[in-house]
Every structure is written in C-alpha cells, then in structure tokens.
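Reminder that position 198 of the sequence shown reads as 257 in UniProt numbering, one-by-one numbering, no gaps. Cβ atoms here follow ideal geometry from the backbone N, Cα and C, with glycine treated the same way.
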Amino acid sequence: HDSSPTICALPLKYVSLVTLAVQNAALSIVMHYSRVSTPPHLAYSPAAAVLTNELLKGSISFVIALGRVRDAADTPEIFSPDCWKLSIPAILYVVQNSLQFVAISNLPVASFQVAYQMKILTTAAFSVALLRRKLSSTKWLSLFFLAIGVGIVQIQTAATFSHPAPREVPVGSAHESAPHVHIMSPLKGFGAVTAACFTSGLAGVYFEMVLKNSKADLWVRNVQLSLFSLLPALLPILYAPSLPDSNGFLSDLFRNFGAWAWATVSIQVIGGLVTAVVIKYSDNILKGFATSLSIIISFLASVVLFDFRITPSFIIGASTVLAATWMYNQPAGQEPRVISQVMNG
Ligand code: C5P
Numbered sequence: 060h061d062s063s064p065t066i067c068a069l070p071l072k073y074v075s076l077v078t079l080a081v082q083n084a085a086l087s088i089v090m091h092y093s094r095v096s097t098p099p100h101l102a103y104s105p106a107a108a109v110l111t112n113e114l115l116k117g118s119i120s121f122v123i124a125l126g127r128v129r130d131a132a133d134t135p136e137i138f139s140p141d142c143w144k145l146s147i148p149a150i151l152y153v154v155q156n157s158l159q160f161v162a163i164s165n166l167p168v169a170s171f172q173v174a175y176q177m178k179i180l181t182t183a184a185f186s187v188a189l190l191r192r193k194l195s196s197t198k199w200l201s202l203f204f205l206a207i208g209v210g211i212v213q214i215q216t217a218a219t220f221s222h223p224a225p226r227e228v229p230v231g232s233a234h235e236s237a238p239h240v241h242i243m244s245p246l247k248g249f250g251a252v253t254a255a256c257f258t259s260g261l262a263g264v265y266f267e268m269v270l271k272n273s274k275a276d277l278w279v280r281n282v283q284l285s286l287f288s289l290l291p292a293l294l295p296i297l298y299a300p301s302l303p304d305s306n307g308f309l310s311d312l313f314r315n316f317g318a319w320a321w322a323t324v325s326i327q328v329i330g331g332l333v334t335a336v337v338i339k340y341s342d343n344i345l346k347g348f349a350t351s352l353s354i355i356i357s358f359l360a361s362v363v364l365f366d367f368r369i370t371p372s373f374i375i376g377a378s379t380v381l382a383a384t385w386m387y388n389q390p391a392g393q394e395p396r397v398i399s400q401v402m403n404g
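This is how it looks when you write it as structure tokens:
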C-alpha cells in the first residue's frame with residue numbers, strides 16, 4: 060500500500076525526511092565550492108548541470124515506474140491526458156534550479172542558506188492558497204519563528220563548514236589552478252534567492268496538489284515532470300553564443316564539467332527524488348520542519364565528532380527552532396492559550 064511503505068522496517072516517511080535533511084546540508088556546500096573554486100574561464104555551465112539533473116532524475120524515475128507496473132501487467136501511462144499539469148512545476152523548478160546557481164555564486168554559503176529559509180513561509184502561504192490548508196495564527200507564528208531560528212543556527216554552521224572545504228581540492232585536477240578572486244554580487248544573489256523561495260513554495264505545493272488530487276503513480280508523475288523540464292532546460296543552451304574554439308555541441312556543453320560538477324548534480328538528483336517521496340508521504344510544510352531539525356542534529360554531531368564548540372547563537376537559534384516545532388504541533392483547541400502564553404512571556 061502506498062500509504063505506509065517501509066524501508067528495512069522503517070517507515071519511508073521518516074527515512075525520506077531524514078535523507079532530505081542530510082542532502083540539503085551537503086548540496087549547498089558542494090555546489091558553492093564547485094562554483095567558486097575555479098576561475099571563470101574554467102567554470103562549468105550551470106545550464107548543462109540543470110539539464111543533466113533532469114535527464115538523470117527522469118531516467119531513474121522511469122526505471123522505477125517500469126519496475127512498479129511489471130506485476131500489474133500494464134505499462135506506465137506517461138502520456139496521460141492530464142500530464143500537461145506537470146508543465147507548471149517543471150518550468151518553476153528549472154527556473155529555481157538555475158536561480159540557485161546565480162544565488163550560490165554571488166553570496167557566501169551562510170547568507171545563501173539563511174535567506175533560503177524564507178521558503179518555509181512561501182511554502183506555507185502557497186499551501187493555504189492552493190491546497191486550502193487552514194493555518195491558525197499560532198501555526199503562522201511558529202513558522203515565522205522556525206525561519207528565524209534556522210537562520211540564526213545556519214549563520215555559524217555554514218561559516219564553520221565553508222572554510223575548510225576549499226583546501227580539499229583533488230591533487231592534480233584541472234581545477235587546482237592559479238589563485239583567483241571570485242567576485243560576488245550580493246544584490247544579484249539576494250534577488251535570485253528571493254525569487255527561488257517563491258518558485259520553491261509554488262512548485263512544491265503545485266506538485267503536491269497534482270499528486271494528491273489524482274491516483275497516478277508518483278514515479279510516473281516524476282517522469283512527466285522531467286519531460287516537461289527538458290524544453291525550458293534546453294532553451295538557454297540553444298540560445299548560448301557558440302564558443303570561438305568550439306569542439307562540437309556536446310563537448311562545449313560539458314566543458315570543465317569535472318568531479319565537483321558531477322558531485323553537485325548527483326546530490327541534486329538524489330534531492331529531487333527524495334523531495335518527491337517527501338511530498339507524497341508527508342507534505343511541504345513538514346519538509347521545512349524536518350530540514351530545520353536536522354541542521355541542529357548535524358551541528359550537535361559535529362560537536363561530538365569534530366570538536367565544534369557550542370556558541371550562544373547556536374543555543375538561541377536551536378531553542379527557537381525547537382520552540383517553533385512544539386508550538387506548531389499544539390492541538391487546535393489549545394491555540395488561543397498558547398498564543399497568549401507566548402505573547403505575554
Ligand atoms: O528547495 P526545494 O525543496 O524547493 O527544492 C526542490 C528540489 O527538488 C528542486 O531542485 C526540484 O528540481 C526537485 N524536485 C524534483 N522532483 C520533484 C520535486 C522536486 O526533482 N517531484
């Protein structure tokens with residue numbers, strides 16, 4: 060049954076939430092490093108990464124979809140009459156995945172991660188608007204605290220993580236080039252991250268709506284999503300000016316596409332697949348809470364494993380996140396009392 064599948068006796072719902080949390084942390088670090096570690100003339104094409112991501116994700120989803128229908132003696136219905144519905148989240152996700160590259164290349168990891176927490180609020184807003192989910196003022200207040208709390212925790216988590224990484228360049232790789240200055244444009248970065256928060260909320264909730272309002276298989280929906288992504292992902296590639304020393308279409312597209320670029324794309328593919336599972340078996344708002352809590356857990360693990368020091372800002376941020384989670388989960392009847400308790404201290 061789709062409602063409660065398990066992996067090694069663990070509910071898929073929780074396995075996917077935890078996996079997504081770990082994936083989120085890894086992605087921003089690897090992606091940022093993949094962009095800033097090389098001088099501009101050795102950089103890989105973000106458009107190639109966005110396209111590769113969709114091709115891989117779509118193929119994996121297709122294989123899973125095929126595997127699932129074999130016993131039912133049927134074929135997955137990829138070109139179903141309502142498949143066009145996926146074109147909307149597909150375009151939004153391609154835009155979002157492209158904006159993410161702009162944001163991460165123009166902001167320090169910490170600022171990017173903090174600003175990206177705004178998607179907790181846009182996701183809630185779109186859940187209310189499109190899924191008619193009812194959120195009390197207590198729940199809104201708790202989401203607001205959640206975003207602030209995660210922001211406070213990440214300011215220092217990211218600062219601690221982002222510095223050692225650049226030393227770990229593979230020896231002898233083409234990326235280990237002469238020192239260079241990576242010029243960032245914070246205004247451009249913040250513009251991109253703000254827009255990405257809106258597409259994240261809208262695309263996620265739209266996908267949830269399509270998924271939960273029909274019986275079609277999750278993996279079929281994912282294939283449809285990837286297929287509709289191909290056109291918007293190809294557009295910037297087809298319109299790109301050709302290189303003066305061109306070696307043919309494919310080799311131009313994948314020029315400088317080294318180990319860090321492949322690592323970035325692989326983590327994105329995993330993220331895309333797990334996000335779909337999370338949206339199916341939980342929902343977009345719960346997804347925000349899971350990633351927030353994991354940030355605290357991974358920081359505490361680093362304290363034990365790597366001798367990180369617990370700082371006052373971590374304690375303040377983590378407490379805010381925990382309080383927000385507790386507050387969000389208060390039973391409906393008790394809300395007015397909880398609000399007055401919070402408001403009056
Ligand atoms: O940050 P956010 O949760 O909005 O990121 C969602 C990511 O998951 C996007 O990169 C999107 O391309 C991917 N995704 C996917 N397939 C889905 C849902 C999301 O690849 N069904």
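The closest heavy atom of the ligand C5P lies less than 6 Å from the beta carbon of SER259. Taking a C-beta distance under 7 Å as the contact criterion, VAL168 and SER87 qualify as a contact pair. For TYR92, the Cβ stays outside the 6 Å cut-off from all heavy atoms of the ligand C5P. For GLY263, the Cβ falls inside the 6 Å cut-off from some heavy atom of the ligand C5P.
Scanning ALA84, ASN281, SER93 for the CA closest to the CA of ILE356 turns up ALA84. Distances taken from the Cβ of ASN281 to the heavy atoms of the ligand C5P include one shorter than 6 Å. In the assembly as shown, ALA320 is a buried residue. Its beta-carbon has 16 or more other beta-carbons within 10 Å. With respect to the 7 Å criterion, VAL252 and LEU79 are not classified as neighbours on the basis of their beta carbons. ALA124 is the residue among ALA124, PRO140, LYS116 whose C-alpha sits nearest the C-alpha of ASP133. Each of GLY250, LEU332, THR384, LEU381 was checked against the Cα of ASN112, and the nearest Cα belongs to LEU332. Around GLY376, the same chain offers GLY208, ILE211, VAL212 as residues with beta carbons nearer than 6 Å, after the five sequence neighbours per side are excluded. Spatial neighbours of LEU110 in its own chain (CB-CB distance under 6 Å, excluding positions within 5 residues in sequence) are listed in chain order as ALA292. Looking at VAL362, VAL74, ILE66, the one whose alpha-carbon comes closest to that of SER341 is VAL74. A contact between stretches requires three or more CB pairs, one per stretch, nearer than 8 Å, and the segment 260–270 meets this requirement with the segment 179–189.
Separation of PHE171 and VAL81 (C-alpha to C-alpha, rounded to the nearest whole angstrom) is 17 Å. If you draw a straight line from the Cα of THR379 to the Cα of ALA162, it comes to about 26 Å. A residue is called buried once 16 or more other Cβ atoms fall within 10 Å of its Cβ, and ILE329 is buried on that count. Closest by C-alpha distance to CYS142, out of VAL363, ARG280, VAL173, ALA322, is ARG280. Taking the Cβ of LEU158 as the reference point, every heavy atom of the ligand C5P lies at 6 Å or farther away. Of the residues LEU166, SER361, ASN306, HIS241, the one whose Cα lies closest to the Cα of PRO99 is HIS241. One Cα belongs to VAL282, the other to GLY117, and the distance between them is close to 5 Å. Between the C-alpha atoms of MET243 and LEU145 there is a straight-line separation of about 34 Å.
CA-CA distance, GLN327 to LEU270, rounds to 21 Å. Look at LEU86: its beta carbon is at least 6 Å from all of the heavy atoms in the ligand C5P. Rounded to the nearest angstrom, the gap between the Cα atoms of ALA108 and PHE257 is 22 Å.
Comparing C-alpha distances from LEU76 to each of TYR387, LYS346, SER351 shows the shortest one belongs to LYS346.
Note on geometry: alpha-carbon atoms of ALA149 and LEU69 lie some 31 Å from one another. Using a 10 angstroms sphere on the CB of ILE344, the tally of other CB atoms reaches 16 or more, which defines it as buried. Straight across, the Cα-Cα distance linking PHE160 with LEU115 is about 19 Å. If you look at ASN83, you'll find it in the alpha helix (DSSP H) that goes 71–95.
Scanning its chain for C-beta atoms nearer than 7 Å, with the 5 sequence neighbours on each side dropped, one finds around ALA184 the residues GLY260, in chain order. For the pair LYS247 and THR182, the Cα-to-Cα distance works out to about 23 Å. Closer than 6 Å to some heavy atom of the ligand C5P: that describes the Cβ of GLY331. DSSP places ILE66 in the strand class (E or B) of the three-state scheme. Across the set ASP366, ALA391, PHE365, ALA349, the C-alpha of ALA349 shows the shortest separation from the C-alpha of LEU381.
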